[in-house]
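Q:
Number of protein chains: 2
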Amino acid sequence: MAKMIDVARLAGVSVATVSRVLAGSAHVSRETREKVLRAMADLDYKPNLLARNLRKMESKTIVVVIPDISNPFFSDVIRGIQHVAKEHGYHVLLGDTQNDVDAEWDFIEMIKERAADGVILVTARTSPEKIMEMAQEVPLVMACEYIQGAELPMVTIDNVISAKRVVDHLAALGHRRIGFIAGPLHVIISRDRLQGFVLGLREHGLEQDSSLIVEGDFSIPSGYDQAVRLLQLPEPPTAIFASNDEMAIGAVKAVKQMGLKVPQDVAVVGFDDIPMATVIEPALTTICQPKFEIGKKAMEILLQLIQQSNRSHGHLKLPEKLIVRDSCGGRLKG
Amino acid sequence: MAKMIDVARLAGVSVATVSRVLAGSAHVSRETREKVLRAMADLDYKPNLLARNLRKMESKTIVVVIPDISNPFFSDVIRGIQHVAKEHGYHVLLGDTQNDVDAEWDFIEMIKERAADGVILVTARTSPEKIMEMAQEVPLVMACEYIQGAELPMVTIDNVISAKRVVDHLAALGHRRIGFIAGPLHVIISRDRLQGFVLGLREHGLEQDSSLIVEGDFSIPSGYDQAVRLLQLPEPPTAIFASNDEMAIGAVKAVKQMGLKVPQDVAVVGFDDIPMATVIEPALTTICQPKFEIGKKAMEILLQLIQQSNRSHGHLKLPEKLIVRDSCGGRLKG
DNA sequence: CTGTTAGCGCCTTCAG
DNA sequence: CTGAAGGCGCTAACAG
Numbered sequence: 001m002a003k004m005i006d007v008a009r010l011a012g013v014s015v016a017t018v019s020r021v022l023a024g025s026a027h028v029s030r031e032t033r034e035k036v037l038r039a040m041a042d043l044d045y046k047p048n049l050l051a052r053n054l055r056k057m058e059s060k061t062i063v064v065v066i067p068d069i070s071n072p073f074f075s076d077v078i079r080g081i082q083h084v085a086k087e088h089g090y091h092v093l094l095g096d097t098q099n100d101v102d103a104e105w106d107f108i109e110m111i112k113e114r115a116a117d118g119v120i121l122v123t124a125r126t127s128p129e130k131i132m133e134m135a136q137e138v139p140l141v142m143a144c145e146y147i148q149g150a151e152l153p154m155v156t157i158d159n160v161i162s163a164k165r166v167v168d169h170l171a172a173l174g175h176r177r178i179g180f181i182a183g184p185l186h187v188i189i190s191r192d193r194l195q196g197f198v199l200g201l202r203e204h205g206l207e208q209d210s211s212l213i214v215e216g217d218f219s220i221p222s223g224y225d226q227a228v229r230l231l232q233l234p235e236p237p238t239a240i241f242a243s244n245d246e247m248a249i250g251a252v253k254a255v256k257q258m259g260l261k262v263p264q265d266v267a268v269v270g271f272d273d274i275p276m277a278t279v280i281e282p283a284l285t286t287i288c289q290p291k292f293e294i295g296k297k298a299m300e301i302l303l304q305l306i307q308q309s310n311r312s313h314g315h316l317k318l319p320e321k322l323i324v325r326d327s328c329g330g331r332l333k334g
Numbered sequence: 001m002a003k004m005i006d007v008a009r010l011a012g013v014s015v016a017t018v019s020r021v022l023a024g025s026a027h028v029s030r031e032t033r034e035k036v037l038r039a040m041a042d043l044d045y046k047p048n049l050l051a052r053n054l055r056k057m058e059s060k061t062i063v064v065v066i067p068d069i070s071n072p073f074f075s076d077v078i079r080g081i082q083h084v085a086k087e088h089g090y091h092v093l094l095g096d097t098q099n100d101v102d103a104e105w106d107f108i109e110m111i112k113e114r115a116a117d118g119v120i121l122v123t124a125r126t127s128p129e130k131i132m133e134m135a136q137e138v139p140l141v142m143a144c145e146y147i148q149g150a151e152l153p154m155v156t157i158d159n160v161i162s163a164k165r166v167v168d169h170l171a172a173l174g175h176r177r178i179g180f181i182a183g184p185l186h187v188i189i190s191r192d193r194l195q196g197f198v199l200g201l202r203e204h205g206l207e208q209d210s211s212l213i214v215e216g217d218f219s220i221p222s223g224y225d226q227a228v229r230l231l232q233l234p235e236p237p238t239a240i241f242a243s244n245d246e247m248a249i250g251a252v253k254a255v256k257q258m259g260l261k262v263p264q265d266v267a268v269v270g271f272d273d274i275p276m277a278t279v280i281e282p283a284l285t286t287i288c289q290p291k292f293e294i295g296k297k298a299m300e301i302l303l304q305l306i307q308q309s310n311r312s313h314g315h316l317k318l319p320e321k322l323i324v325r326d327s328c329g330g331r332l333k334g
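Structure follows, in C-alpha cells:
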C-alpha cells in the first residue's frame, strides 16, 4: 500500500504538498497539483485514515445507539442519520444494545476512547443523571426518546399532542368510550401518550373510566392480551387506542378472535406508522412520526456540537402526522 | 483526557509498563500492576484507540454492506454479525447503500483506507469481477448473496433446494398447477429459486406451463400485480409460490381482492420468513433462512480472514427451514 | 507557492 | 520484570 511519501517522491514534491492536494488547499499551483494527482493515480494511493485520525484527533465516526435493530421503527431514523453523516464524510457505527444497559454505556464511552466523535441515543435506559453528565463532556444528542427538563439536544415529536389528536379523531367519529393500551409506564414517552389521551378525553367530555386504561409492553402479544381485557369489560369500549403499532396489531387480532369486526364493532388506532401497519387488515390508522427527519435533524445538531462546542441546544419537537387508513372506518352508527 | 504517560508518571513506572498492564501481559509483577491499575482509575484513563489503531495498523472495525436497512430481512443478519463482532472486540460500521452501486464500492474501499479491517457484503451489485479481485486483496465475505463459482468465502442457504422443498410441500397437498412469481432474474438467487421450482415441478410430474412463471421485483406491489396476472389466466393456478415474503403478501392481497380465499381457493407460499409473514392473514407458509446464523458464520469467517491470511474458504450453505403456517391449508379437496 | 520538521498516543523491539 | 526509544502515516506550523 503506497503511502504519502511514495506519492511525494514520484511527483517530485514534499509530503506537505501532497497533503495539501489531498485537502484541496488552494495554495498549490495547477501543474503541481496535477503532477501529484497523477502520482496518486499511478500508485493507487489511498490516504491512511488511521494516521489522519490520530493526527487530527478525530475519528469521523458517530455511534447511533438503538435498543434493537430488528425493530423496524428505528431503521428510518438510522437512514436519516446516515444520509446526513455521509454528506459530511462521517461514518456510522451501529450500537445495537439488545436492550442491555451496560452495552448502552459501552457505546457511549467509545467517545472517550476517541473511537467516535459523537453519539446519538435513540434509547436511554441508563440513568438520566449519567447521561446528562456525559452530555456535558461529549457531543451527545437524543432522538425519539428524551429526558424531562434536561439541558441537552433532543429531537422528538410532541407525544402528548399527538396522542390527543388521536382522541380528537376518535371523538369526531362519534366514539365516547375509548380504551387505551399504554406502553410501559416507566418510559417517558409512554406516560406522555397516556397524558395526551387523558387530555383528549377531558377536552371532549368523554368518560374517564380507569378500567379502560391498561398497560402493555409495546409487543404484539401484549397488545393482544390487553385488548382482550378491554373487550371483556362489562361495558367494552367502541374504540381502542394502542400506544404503538405492534400493540395495535395485537389488538386487531384480539378483536377478530372474539368474533368482532374492525372497524365496524371496534375501531383501532396505533402509533408510529411502521411498515406492518399497511399490511394488516384493515390497514391501521396511526400517528406517523417523521422518523427520517428526526434522524437527519439529530445528526445535523450532533455535527454542530462536534464542530463547535455549542451546547445551547434544547428540546426540538418535529411535527407528526395523523394517517387515516381503514381501522377506524367512518362515523359510528347511532 | 489523561494519556498513558500521565498514568505512568502517577504510578512511578514507564509507559511500556502501563502498556503491558493494558494488554494483560503476564510479565508484570502483581504489585506493579496494581499500582498502575490504581493510577488508571484515579485519572479515569481510557486508552486512545486512534493511537493504538495507527500503531497496530488496524481499526478493529468491520463494515457490513446492505442494500437497504429498512428491509427487515437484513436486521437479523446484522444482529448475528454484531453478536460475534462484539465478542471479539470489533465494531460494526453500517454500510447502507440504498441500492447505489457507487456507495457499495465506497464502503468496500474503506478497507484500503484502513478505516475497516474487513467487509461483509450482504448485497453485491458491483460486478463479480471487481469483487473477486478485491477479495484477493482484502478480507471479504459474502452473505445471503453469492457469486457463482467464485473462490471467496460465501455464506448462504441453498436456494435451489429450498425452492424445490416448497414445491414438494405443495405437491403433497395435492396442487398440480402452481404459479411462480420470480424475483428479478438478474440476481442469482432469483434464478436459483426459479430453478428449484422447475426442478420440483419436474420431479413431481407437474405441469410446466410457462405462463405460470412471472417475474416481480421483490416488492409488495409487484407481488400483487403478478398474482393478478396469474389469477386472470384462463386456467389459473391453485397455488402461488412467491420468491419472497413481500411478494407473497402482495399475492395474498390480490387473491382476496378478486373475491377468492387463501388458502381455500388459492394457496400462497413465501420465502425468507420476515416478521410481517406472521401478521398477514392467513399467516404465511414460507422458507425461513437462518439469518442470525448466517450473520454469525459470516463474521466468524471474516475474523479468520483478518487474523491469518487464510483465503481457503469456499461456499458455505446453511440449512433452511420450511415453516408451515396457514396460507396453504390442508390437502386440496378432490 | 513549496519544503522541513515536530509531533498525535501508543506498542514493541531491544537492553538491562 | 522493567525502561528507553523508535516509529506507525499524516497534518500543520513555521520557514523560505
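Sequences listed follow chains H and G, in order.
According to UniProt numbering, the first sequence is numbered sequentially starting from 1.
According to UniProt numbering, the second sequence is numbered sequentially starting from 1.
Virtual Cβ for every residue (Gly too), placed ideally from N, Cα, C.
Going by the CB atoms, is the gap between G:D168 and G:K317 shorter than 8 Å?
A: Cβ atoms of G:K317 and G:D168: not closer than 8 Å.
Q: Can you find the residues in the same chain that come closer than 6 Å, C-beta to C-beta, to G:T238, ignoring five residues on each side of it along the sequence?
A: Result list for G:T238: H175 and R177, in chain order.
Q: Is the Cβ of residue 413 of chain H closer than 8 Å to any Cβ of chain G?
A: Because chain H spans 1 through 334 in this model, residue 413 of chain H falls outside it and cannot be assessed.
Q: Identify the contact partners of G:V130 in chain H, using a Cβ-Cβ distance below 9 Å as the criterion.
A: It is worth fixing the name first, because residue 130 of chain G is Lys in this sequence and not Val. Here the premise fails: no neighbours, minimum Cβ distance about 14 Å.
Q: Which chain G residues sit within Cβ distance under 9 Å of H:E133?
A: Correct list: empty, because the minimum Cβ distance to chain G is about 13 Å.
Q: For the beta strand (DSSP E) that G:E215 lies in, which residues bound it at each end?
A: Run containing G:E215: I213 to E215, per the beta strand (DSSP E) assignment.
Q: Could you compute how far the alpha carbon of residue 397 of chain G sits from the alpha carbon of G:V166?
A: The requested residue 397 of chain G is not part of the displayed model; chain G covers only 1 to 334.
Q: Nearest by alpha-carbon distance to H:L303: which of H:V138, H:P319, H:G149 and H:R38 is it?
A: The option with the nearest alpha carbon to H:L303 is H:V138.
Q: I need the DSSP call for G:K296, collapsed to helix, strand or coil.
A: G:K296: helix per DSSP, three-state reduction.
Q: Closer than 8 Å is the cut-off here; do at least three beta carbon pairs connect the region 120-129 of chain H with the region 96-107 of chain H?
A: Output reads yes: the region 96-107 of chain H touches the region 120-129 of chain H.
Q: Work out the CA separation of H:M258 and H:E203 for me, nearest whole Å.
A: If you take the alpha carbons of H:E203 and H:M258, they lie about 31 Å apart.
Q: Whole angstroms is fine: what's the gap from G:A150's alpha carbon to G:M132's?
A: Taking the straight line from one Cα to the other gives about 7 Å.
Q: Along chain G, which residues have their Cβ under 7 Å away from the Cβ of H:A51?
A: Within 7 Å Cβ-Cβ: L54.
Q: What first and last residue would you give for the alpha helix (DSSP H) that runs through G:T32?
A: That run of the alpha helix (DSSP H) goes R30 to L43.
Q: So the candidates are G:S29, G:P319, G:V84 and G:A51; which of them puts its Cα closest to the Cα of G:A298?
A: For G:A298, the nearest C-alpha among the options comes from G:V84.
Q: Could you tell me which of G:V36, G:A26, G:S25 and G:G24 sits nearest to residue 335 of chain G, measuring between CA atoms?
A: Nothing can be reported for residue 335 of chain G: it is not among the residues displayed for chain G, which extend from 1 to 334.
Q: Assuming residue 347 of chain H is part of the alpha helix (DSSP H), what are its boundary residues?
A: In the structure displayed, chain H extends from 1 to 334; residue 347 of chain H sits before or after that span and is not available.
Q: Smallest Cα separation from G:G80: which of G:G314, G:D68 and G:I120?
A: Out of G:G314, G:D68 and G:I120, G:I120 has the C-alpha closest to the C-alpha of G:G80.
Q: Beta-carbon separation of H:V141 and H:L93 under 8 Å?
A: Their beta carbons are not under 8 Å apart, which means H:V141 does not touch H:L93 by this criterion.
Q: Relative to the C-alpha of G:D265, which candidate in G:D273, G:F271 and G:K256 has its C-alpha closest?
A: Ranking G:D273, G:F271 and G:K256 by Cα distance to G:D265 puts G:K256 first.
Q: At a Cβ threshold of 8 Å, is H:M4 touching chain G?
A: So, not an interface residue.
Q: Can you tell me whether residue 335 of chain G is buried or exposed? The criterion is at least 16 other CB atoms within 10 Å of its CB, across all chains shown.
A: Coverage of chain G is limited to positions 1 through 334, which leaves residue 335 of chain G absent and any answer about it impossible.
Q: Evaluate H:E320 with the Cβ neighbour count: other Cβ atoms within 10 Å of its Cβ, from every protein chain shown; 16 or more gives buried, anything less gives exposed.
A: Buried, because 16 or more other Cβ atoms sit within 10 Å of the Cβ of H:E320.
Q: Evaluate G:L194 with the Cβ neighbour count: other Cβ atoms within 10 Å of its Cβ, from every protein chain shown; 16 or more gives buried, anything less gives exposed.
A: The residue is buried, with at least 16 neighbouring Cβ atoms inside 10 Å.
Q: Less than 6 Å between C-beta atoms, sequence neighbours within five positions excluded: which residues of the same chain meet that for H:P67?
A: Once the five neighbours on either side are set aside, the close Cβ partners of H:P67 are T97, N99 and T123.
Q: Could you list which residues in chain G have their beta carbon closer than 7 Å to that of H:R33, in chain order?
A: Within chain G, no residue comes near H:R33; the closest Cβ sits about 21 Å away, beyond 7 Å.
Q: Compute the beta-carbon to beta-carbon distance between G:E145 and G:I189, rounded to the nearest angstrom, for a pair I have assumed lies under 8 Å.
A: Indeed, because the Cβ distance is near 7 Å, the residues count as touching under 8 Å.
Q: Which residue or residues does DSSP assign as beta-bridge partners of G:L140?
A: Answer is G:V119, bridged to G:L140.
Q: Using the Cα positions of G:S14 and G:A23, report the straight-line distance between them to the nearest angstrom.
A: Rounded to the nearest angstrom, the two C-alpha atoms are 15 Å apart.
Q: Assign H:R38 to buried or exposed, taking buried as 16 or more other Cβ atoms, counted over all protein chains shown, within 10 Å of its Cβ.
A: Exposed: under 16 other Cβ atoms inside 10 Å.
Q: Could you tell me whether any Cβ in chain H is nearer than 8 Å to the Cβ of G:A283?
A: Not closer than 8 Å to any Cβ of chain H, the Cβ of G:A283 fails to qualify, so no.
Q: Given this structure, state the Cα-to-Cα distance separating G:A51 from H:H91, to the nearest angstrom.
A: For G:A51 and H:H91, the distance between alpha carbons rounds to 19 Å.
Q: Which chain H residues are close to G:E113, counting only those with a beta carbon under 8 Å from its beta carbon?
A: Chain H residues near G:E113: K46, P47, N48 and L49.
Q: Verify whether the separation of the beta carbon atoms of G:K46 and H:E113 is less than 8 Å.
A: In this structure, H:E113 lies closer than 8 Å to G:K46 by Cβ.
Q: Is it buried or exposed, G:K56, if we count other Cβ atoms within 10 angstroms and call 16 or more buried?
A: Its Cβ having fewer than 16 others within 10 Å, G:K56 is exposed.
Q: Compare the beta carbon distance of H:I306 and H:D273 with 8 Å and say whether it is the shorter of the two.
A: Not closer than 8 Å, so no.
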